[in-house]
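Peer 1: Each step along the sequence shown adds one to the number in numbering that gives the first Met the number 0, with nothing skipped, and position 43 is 42.
A virtual CB, placed ideally from N, CA and C, is assigned to each residue, including glycine.
As the structure is a prediction and not an experimental result, all values here were calculated from the model.
Here it is: the structure, laid out below.
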Amino acid sequence: MIDSHCHLNDDKLFFDLDGIIARAKAVGVDTFTVPGYDLASSIRAVEIAKANDNVYALVGIHPHDAITYSAEVEDILKNLLNNEKVVGIGEIGLDYHYDNSPREKQREVFIKQLELAKKANKPVVIHSREAFLETFEIIRDYGKGLKGVFHCFSGSADSAMRVIKELGFYISLGGPVTFKNAKQPLEVAETIPLELLLIETDSPYLTPHPFRGKQNEPAYLPYIADRIVGIRGESIIEMTIANTKKLFEI
Ligand code: NI
């Protein structure tokens with residue numbers, strides 16, 4: 000299985016990297032894509048990918064850190080994109096829940112990184128929280144021709160279908176489908192075409208049931224997959240692997 004979104008570059012996982020990878024492999028999770036969220040984590044993602052087979056990196060500045068974006072940062076991102084283990088730009092987008100960076104700055108930096116992805120001809124990994132409509136409109140208006148995925152999708156099934164039909168993007172589901180009070184993620188899991196579904200842990204965050212309260216890691220991906228299999232009543236493993244490989248060209 001492929002964990003399409005895990006932060007092996009986060010200190011919580013990085014300091015036990017060999018153990019984390021070994022535990023994942025023991026349960027059949029053997030490939031990992033690691034998004035950056037600021038400059039340091041992007042650089043670290045590339046270092047981890049270079050040092051480990053079956054680990055791929057993405058580089059990008061999260062909306063939380065939009066305020067740190069500069070011409071110098073963009074130049075470093077461009078250089079990182081030249082590495083063959085860098086398979087995309089992410090995670091990028093809008094986060095109106097925490098508003099850690101001003102919204103105007105978030106939008107500006109999101110658009111700049113979409114432009115960067117177009118020039119580099121790489122897919123994008125989208126983070127969108129409480130900002131679905133604006134995220135959608137910015138991709139529609141500035142991301143023509145781009146491939147991408149809405150990671151850990153938290154919107155409605157209708158929104159997911161708009162992403163699929165109007166943007167042609169993938170939808171990725173994670174730990175929230177396993178939560179006891181889950182509603183929208185279940186509807187999304189049930190209704191979206193299998194050809195456009197990815198799965199992820201987003202570790203060290205969003206730990207699936209029954210491990211909530213513990214730190215998340217890629218070894219828990221099978222719990223997320225099993226839950227979606229239960230909802231859909233069909234196998235999803237082979238198709239989600241194929242989808243991830245196709246999106247990131249790995
Ligand atoms: Ni993430």
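Can you grab the Cα-Cα spacing for the pair Phe135 / Ser171, in whole Å?
Peer 2: 15 Å
Peer 1: What three-state label does DSSP hand Asp94 in the structure shown?
Peer 2: strand
Peer 1: From Ser202 to His4, what distance separates their C-alpha atoms?
Peer 2: Whole-angstrom Cα-Cα distance: 8 Å.
Peer 1: Please report the residue range of the beta strand (DSSP E) in which Ala56 lies.
Peer 2: Val54 to Val58
Peer 1: Roughly how many angstroms lie between the CA atoms of Lys146 and Leu195, to the nearest whole one?
Peer 2: One Cα belongs to Lys146, the other to Leu195, and the distance between them is close to 12 Å.
Peer 1: Please classify Leu145: does DSSP put it in a helix, a strand, or coil?
Peer 2: coil
Peer 1: Can you check whether the CB of Asn82 is closer than 7 Å to the CB of Val45?
Peer 2: yes
Peer 1: Are there 16 or more other CB atoms within 10 angstroms of the CB of His96, so buried, or fewer, so exposed?
Peer 2: Exposed is the label assigned to His96, since fewer than 16 other Cβ atoms lie within 10 Å of its Cβ.
Peer 1: Tell me whether Ile249 sits in a helix, a strand or coil according to DSSP, three-state version.
Peer 2: Taken through DSSP and simplified to helix, strand or coil, Ile249 comes out as coil.
Peer 1: Helix, strand or coil for Thr30 per DSSP?
Peer 2: strand
Peer 1: Kindly indicate which residue of Phe247, Met238 and Leu185 has the alpha-carbon position closest to the one of Arg226.
Peer 2: Shortest Cα-Cα distance from Arg226 to any of Phe247, Met238 and Leu185 involves Leu185.
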